[in-house]
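Engineer: Numbering (the UniProt record's numbering), first residue to last: 1 to 311.
Every residue, glycine too, gets a C-beta built ideally from N, C-alpha and C.
I have a structure I would like to understand better, so I am pasting it below and will then ask my questions one at a time.
This is the structure:
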């Protein structure tokens, strides 16, 4: 076999490893489906709910399609044109999923801030600027990838003839995560320790903790992406791209569902406490009413006897 053909086969088979993240994502989806139905589907229709559901189901569907196209199964007629078009579409979809994830996390952070807080306004401006920059960089990266992306008929898979420059895909997100992480930490230290009821404190602490964990995970993944994109061979590009895609979606889903569960349980606790207070007030009112009835019933005969005595 020609060495070039053998190399193409090896690279293509290495790229097939990208499909191994799909079962992990679906498994986590199945584990959290009950909480999703209880705390997400039953919630009022809002922009956050719609975006979460789009992210929740868009990424697995796209990964499923990508798995099929990279499996070598002749379900979809593959060609160089299909490879280029699908890769460009999937890259833009990956950018969109990251945008949705970051926005959902910002919404969770905003719920811990007072209404009209200056951090909300500044974070909106920063978010829009960074995401537009990310869109421009993503477009530039796609323009760099398309010329070196080919279809390998020997194995029926798409592959690169040379290593494209994809570092820009991660650098913009890395800057965003670092800045927002610092904002979250500063806000955590700046807030007073007494925030209200115990349930409100618990929810706020949970949101801070999960938000910090989210950005730490994303920061580590972004740094890993940059290192792999610079130092590793071309066969690792698809692997790390799909890994960050799956990990980001999984982490965001866990963050949103955990926060919604905490808010729901806090609301149930407040409702239970209110019900206990009302039950206690009703019991006290009934006791007071019984005492007053007994007092009146005892007073009336005494007055009768006194009157009869006078007569």
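1) Judging by CA-CA distance, which residue of 229, 224, 101 and 225 is the nearest neighbour of residue 48?
2) Do the region 116-128 and the region 255-275 meet, that is, are 3 or more Cβ pairs less than 8 Å apart?
3) Is residue 159 helix, strand or coil when you go by DSSP?
4) Is it a yes or a no for the region 29-37 touching the region 80-97, going by three-plus beta-carbon pairs under 8 Å?
5) Looking at the unbroken beta strand (DSSP E) that takes in residue 151, where does it start and where does it end?
6) Buried or exposed: which applies to residue 134, given that a residue is buried once 16 or more other Cβ atoms fall within 10 Å of its Cβ?
7) Apart from the five residues just before and just after residue 63, which ones in its own chain have a Cβ nearer than 6 Å to its Cβ?
8) Which residue wins for smallest C-alpha separation from residue 178, given the options 123, 89 and 137?
9) Which residue wins for smallest C-alpha separation from residue 256, given the options 40, 26 and 25?
10) Helix, strand or coil for residue 222? Go by DSSP, reduced to three states.
11) Does residue 68 pass the burial test, meaning 16 or more other C-beta atoms within 10 Å, or should it be called exposed?
12) Looking at the structure shown, is residue 165 part of a helix, part of a strand, or coil, going by DSSP?
13) Restricting to Cα atoms, I'd like to know which of 125, 103, 183 and 142 is closest to residue 248.
14) In terms of residues, what are the limits of the alpha helix (DSSP H) holding residue 57?
15) Have a look at residue 105 and residue 91 and give me their C-alpha separation to the nearest angstrom.
16) Can you give me the C-alpha to C-alpha distance between residue 147 and residue 174, rounded to a whole angstrom?
17) Rank 226, 57 and 219 by C-alpha distance to the C-alpha of residue 93 and give the top, closest one.
18) Buried or exposed, going by whether 16 or more other CB atoms sit within 10 Å of the CB of residue 229?
19) Rounding to the nearest angstrom, what Cα-Cα distance links residue 182 and residue 163 in this structure?
20) What first and last residue would you give for the alpha helix (DSSP H) that runs through residue 110?
21) Figure out for me which residue from 244, 80, 269 and 214 has the closest Cα to the Cα of residue 252.
Structural biologist: So, from the data block:
1) Numbered from its first residue, the chain shown carries residue 48 at position 48. When each option's Cα is compared against that of residue 48, the closest is 101.
2) Taking a cut-off of 8 Å for Cβ pairs, the region 116-128 and the region 255-275 do not touch, as fewer than three such pairs fall below it.
3) Sequence index remark: in the chain shown, residue 159 carries index 159 (1-based). Three-state result, residue 159: strand.
4) The answer is no - the region 80-97 does not touch the region 29-37, with fewer than three Cβ pairs under 8 Å.
5) Reading the chain shown from its first residue, position 151 is the one you call residue 151. According to the DSSP assignment, residue 151 belongs to the beta strand (DSSP E) that extends over 149-152.
6) Locating residue 134 in the chain shown gives position 134, where the first residue counts as 1. Residue 134 is classed as buried because its beta carbon has at least 16 other beta carbons within 10 Å across all chains shown.
7) Against the chain shown, residue 63 aligns to sequence position 63. Taken in chain order, the residues that qualify are 22.
8) By one-based count along the chain shown, residue 178 stands at place 178. Comparing Cα positions, the closest option is 123.
9) Along the chain shown, read from residue 1 onward, the residue named residue 256 stands at position 256. The residue with the shortest Cα to Cα distance from residue 256 is 40.
10) Taking the chain shown and counting its residues from 1, one reaches residue 222 at position 222. Looking at residue 222 - three-state DSSP - the assignment turns out to be helix.
11) Counting from 1 along the chain shown, the entry for residue 68 is found at position 68. Burial call: exposed.
12) For the purposes of this step, residue 165 is taken as residue 165 along the chain shown, with counting starting at 1. Coil at residue 165, not helix or strand.
13) Indexing the chain shown from 1 puts residue 248 at position 248. Ranked by Cα distance from residue 248, the options 125, 103, 183 and 142 are led by 103.
14) To locate residue 57, count along the chain shown from 1; it is residue 57. Counting along the chain, the alpha helix (DSSP H) containing residue 57 begins and ends at 47-69.
15) The residue you call residue 105 lines up with position 105 of the chain shown. The residue you call residue 91 lines up with position 91 of the chain shown. Approximately 21 Å between the Cα atoms of the pair.
16) Against the chain shown, residue 147 aligns to sequence position 147. Against the chain shown, residue 174 aligns to sequence position 174. Near 26 Å, if we compare the C-alpha coordinates of residue 174 and residue 147.
17) Reading the chain shown from its first residue, position 93 is the one you call residue 93. Residue 93 has its Cα closest to that of 57, out of 226, 57 and 219.
18) Taking the first residue of the chain shown as 1, we reach residue 229 at position 229. With a 10 Å radius around the Cβ and a threshold of 16 neighbouring Cβ atoms, residue 229 comes out buried.
19) Sequence index remark: in the chain shown, residue 182 carries index 182 (1-based). Sequence index remark: in the chain shown, residue 163 carries index 163 (1-based). In this structure, the alpha-carbon of residue 182 lies about 34 Å from that of residue 163.
20) Residue mapping note: residue 110 aligns to position 110 of the chain shown, counting from 1. It spans 80-110 - the alpha helix (DSSP H) in which residue 110 sits, taken as one unbroken run.
21) The sequence position of residue 252 within the chain shown is 252, counting from 1. When only C-alpha atoms are compared, the closest one is 214.
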